[in-house]
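Participant: Please read through the structure below; I'll follow up with questions.
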């Protein structure tokens, strides 16, 4: 009866959400280029400028063009109507005033498509597009409840660029959804996940300053690749990255996006994913922009768009100049861009990079505005600095580092190990295991208001991947080891495969939202590939390969075959999680726990599902099952949702392993 009620509630949620959504309705943006039958209206906000010129170019590599003085209106808005102009028009702005450089022509920050140069300044022009698109019957969002999500984190290019992918249009939006390949959408389907979180695909500055050369007072001594591969240096918040379009090029100083192909090709990718029931979540960066590029906001009015010090210099954090996200015009820009992706690209949700930098007022406004478009929109991010609970109270989910660290150990010190090693960090115990199993919403460490806010992970793109961490922590490798044979390197010992399986079992049977990073399911390693770059760490495992558009990040699909046993285990666990709502939607009173040793735990959910986990390194743990007959669904060897065998009475759980049973 309880399962039936939960099903009805989920159905009501979907019906209510669908009844509110109209994704094909055009969002009326405040600024940008507006296409009419007789021409184009251009509008820009530059309150401190004395003159603003619209510049029209003939071709993408022009350095100058025809200029038209725009008309200034109240509150700092400038407009101009260009007669007889249409789709394909290339334009930019030249501004004169105290915060402007009249020698630099900048693109429109509201660009729906951008033509960008492969240079560290990321020189750009805006292109007017026809954004009509035939969605067919795919005219809605997926609208999964957050508790039902099984997320796969992927990089559009990495998933198909390697020769082993079998894709024809490698490294592209189109390639991502090709049929009959090893990578891309075919892999997502084979795993059974229902959501994909894509690393940033807003247009970004993917070329960094020249290595070991003085440039404008800067000296790059940290990035021999001169690349930003992951996309965390955003430029245009409403334009898709053209490097992933079918006409991409990585030739230095060449131009990408001359025909605006990225727009429809990305929509085709989203459409294809939706047709397979896979929600699309964008990893977005709204707190900063690239340090180096000719970003429009810098040259329009840095006094309102950026956080500045007492000398009017940009304040930077990590990898970009910080935006003044509490300013009304900045919030307007951010929120309109997010709504644009929802309505124009049918994006189902957003993962916010470094959302802990947002004020509570801005974070609240963001979620309220987005839910006014789609009540089922998925919102979560990085709420570090102990702000996870605060964000949860506002309705945001966030990455649960507590989940990772209780299992794995200290993020930076591999000598401080967690449950998977048969030990705990200082002050932790079985009570912490119980807490993460219940979605960190109950028990010892209550972080989240709802289990649907806890994004549980073993690894994401940041830092050493899970299995490189295990390789260090078990003593199999040191951080200075040179790996000469990456395929041999990822072979799993009994110890490592047992730890992987136990970690996966806990990840995919715990309350909360599981996320799997590409390659995690076959214990990949981030080994620095040999290229032309002058990198002395070639062959070592990399904790931060953000700058490597090469085989360090590209998915080698032969690795999947090599560790197919672990892949199969993940696939089986995903199938079980989808089959049994108890793993996704249980509350504290549904659990009955039984401590079996200092590092072994058993529990039942609603007296129907039983799970046993043993973190002891050497010792089998024996226990009596609850009364009745049970069907074994998973042990340390295999998973079968139809049942491996029937069990009653007592069971023995081997070291570093788990078991899942269902009452017959």
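In my numbering, the protein residues as written are 5 to 668. For every residue, glycine included, the Cβ atom is placed at its ideal position computed from N, Cα and C. As the structure is a prediction and not an experimental result, all values here were calculated from the model.
(1) CA-CA distance, residue 525 and residue 160?
(2) Taking residue 578 as part of the beta strand (DSSP E), name the residues at either end of that continuous run.
(3) Classify residue 244 as helix, strand or coil using the three-state DSSP reduction.
(4) With distance defined between alpha-carbon atoms, name the residue in 280, 302, 97 nearest to residue 194.
(5) Residue 574: which of 551, 605, 522 sits nearest, CA to CA?
(6) Could you compute how far the alpha carbon of residue 220 sits from the alpha carbon of residue 128?
(7) Taking 8 Å as the threshold (C-beta atoms), are residue 255 and residue 124 in contact?
(8) Only counting the same chain, and skipping five residues up and downstream in sequence, which positions put a Cβ closer than 6 Å to that of residue 538?
(9) Quick check on DSSP: helix, strand or coil for residue 355?
(10) Nearest-angstrom Cα distance between residue 175 and residue 459?
(11) Kindly indicate which residue of 349, 98, 388 has the alpha-carbon position closest to the one of residue 278.
(12) Leaving aside the five residues before and after residue 445 along the sequence, list all residues of the same chain whose C-beta is less than 6 Å from its C-beta, in chain order.
(13) Where do the ends of the alpha helix (DSSP H) carrying residue 303 lie?
(14) Output the distance between the C-alpha atoms of residue 189 and residue 78, rounded to the nearest integer angstrom.
(15) Output the distance between the C-alpha atoms of residue 11 and residue 608, rounded to the nearest integer angstrom.
(16) Which residues in the same chain have their Cβ closer than 8 Å to the Cβ of residue 319, if we skip the five residues on either side of it in sequence?
(17) Taking the beta strand (DSSP E) that residue 38 falls in, what are its first and last residues?
(18) From the DSSP output, read off the bridge partner residues of residue 628.
(19) I'd like to check one pair, residue 563 with residue 520: are the Cβ atoms closer than 8 Å?
(20) State buried or exposed for residue 5, treating a residue as buried only when at least 16 other CB atoms are found within 10 Å of its CB.
(21) Quick one: what's got a C-beta closer than 7 Å to residue 620's C-beta in the same chain, skipping five residues either side?
(22) Quick check on the burial criterion: 16 or more other C-beta atoms within 10 angstroms. Buried or exposed for residue 223?
(23) In this structure, does DSSP put residue 702 in helix, strand or coil?
(24) Just the Cα atoms here: how many angstroms apart are residue 203 and residue 150?
(25) Since residue 521 is in the beta strand (DSSP E), which residue starts that stretch and which ends it?
(26) Taking C-alpha atoms, which residue in 567, 556, 508 lies nearest to residue 2?
(27) Whole angstroms is fine: what's the gap from residue 154's alpha carbon to residue 649's?
(28) Restricting to Cα atoms, I'd like to know which of 594, 571, 252 is closest to residue 447.
(29) What residue range does the alpha helix (DSSP H) around residue 345 cover?
(30) Between the region 244–254 and the region 130–150, do three or more beta carbon pairs fall short of 8 Å?
(31) Around the C-beta of residue 548, are 16 or more other C-beta atoms found within 10 angstroms, so that it is buried, or is it exposed?
(32) Ends of the alpha helix (DSSP H) at residue 408?
(33) Per the DSSP calculation, residue 287 is bridged to which residue(s)?
(34) For residue 297, tell me which candidate among 168, 610, 121, 269 has the shortest Cα-Cα distance.
(35) So, is residue 225 buried or exposed, given that buried needs 16 or more other C-beta atoms within 10 angstroms?
(36) Can you tell which of 242, 171, 235 has the C-alpha that lies nearest to the C-alpha of residue 551?
Facilitator: So, from the listed chains and residues:
(1) If I take the Cα positions, the gap works out to 18 Å.
(2) Where residue 578 is concerned, there is no enclosing beta strand (DSSP E), although the alpha helix (DSSP H) it sits in stretches over 568–583.
(3) Shown here, residue 244 sits in a strand according to DSSP, grouped into three states.
(4) Just measuring C-alpha positions, the residue of 280, 302, 97 sitting nearest residue 194 is 280.
(5) Each of 551, 605, 522 was checked against the Cα of residue 574, and the nearest Cα belongs to 522.
(6) Whole-angstrom Cα-Cα distance: 19 Å.
(7) Their beta carbons are not under 8 Å apart, which means residue 124 does not touch residue 255 by this criterion.
(8) So the list reads 228, once near-sequence residues are dropped.
(9) Strand, per DSSP.
(10) Straight through space, the alpha carbons of residue 459 and residue 175 are spaced by roughly 28 Å.
(11) Here the closest residue by C-alpha is 349.
(12) The beta carbon of residue 445 lies closer than 6 Å to those of 452, 455 in the same chain, with the five residues before and after it left out.
(13) Element bounds for residue 303: 300–309.
(14) Here the alpha carbon of residue 189 sits roughly 49 Å from the alpha carbon of residue 78.
(15) Below a pLDDT of 50, predicted positions are generally treated as unreliable, and residue 11, at 43, falls in that range; no measurement from the model is reported.
(16) Counting only Cβ-Cβ distances below 8 Å, and skipping sequence neighbours, we find 310, 311, 312, 313, 325, 326.
(17) Per DSSP, residue 38 belongs to the beta strand (DSSP E) from 36–40.
(18) According to DSSP, residue 628 bridges with 654.
(19) Taking 8 Å as the Cβ cut-off, residue 520 and residue 563 do not qualify as a contacting pair.
(20) Residue placement at residue 5 cannot be trusted, given a pLDDT of 49 that sits under 50; what the coordinates show is reported in the next sentence. That one is exposed.
(21) Cβ contact annotation for residue 620 (same chain, cutoff 7 Å, sequence separation greater than five): 426, 601, 603, 604, 659, in chain order.
(22) Burial is judged here by how many other beta carbons sit within 10 angstroms of a residue's own beta carbon; residue 223 has fewer than 16 and is exposed.
(23) No information on residue 702 is available, as it lies outside the stretch 5 to 668 that the chain covers here.
(24) Spanning the alpha carbons of residue 203 and residue 150 requires a straight line of approximately 19 Å.
(25) In the DSSP assignment, residue 521 falls within the beta strand (DSSP E) that extends over 517–521.
(26) Residue 2 lies beyond the residue range present for the chain, which begins at 5 and ends at 668; the question has no answer from this structure.
(27) In this structure, the CA atom of residue 154 is about 27 Å from the CA atom of residue 649.
(28) A check of alpha carbon separations from residue 447 across 594, 571, 252 identifies 594 as the nearest.
(29) For residue 345, the enclosing alpha helix (DSSP H) stretches over residues 332–348.
(30) No, because fewer than three Cβ pairs between the region 244–254 and the region 130–150 fall closer than 8 Å, the two stretches do not touch.
(31) Burial check for residue 548: the Cβ neighbour count within 10 Å stays below 16, so the residue is exposed.
(32) For residue 408, the enclosing alpha helix (DSSP H) stretches over residues 405–412.
(33) Answer is 355, bridged to residue 287.
(34) Closest in alpha carbon position to residue 297, among 168, 610, 121, 269, is 121.
(35) Label assigned to residue 225: exposed.
(36) Of 242, 171, 235, the residue nearest in Cα terms is 235.
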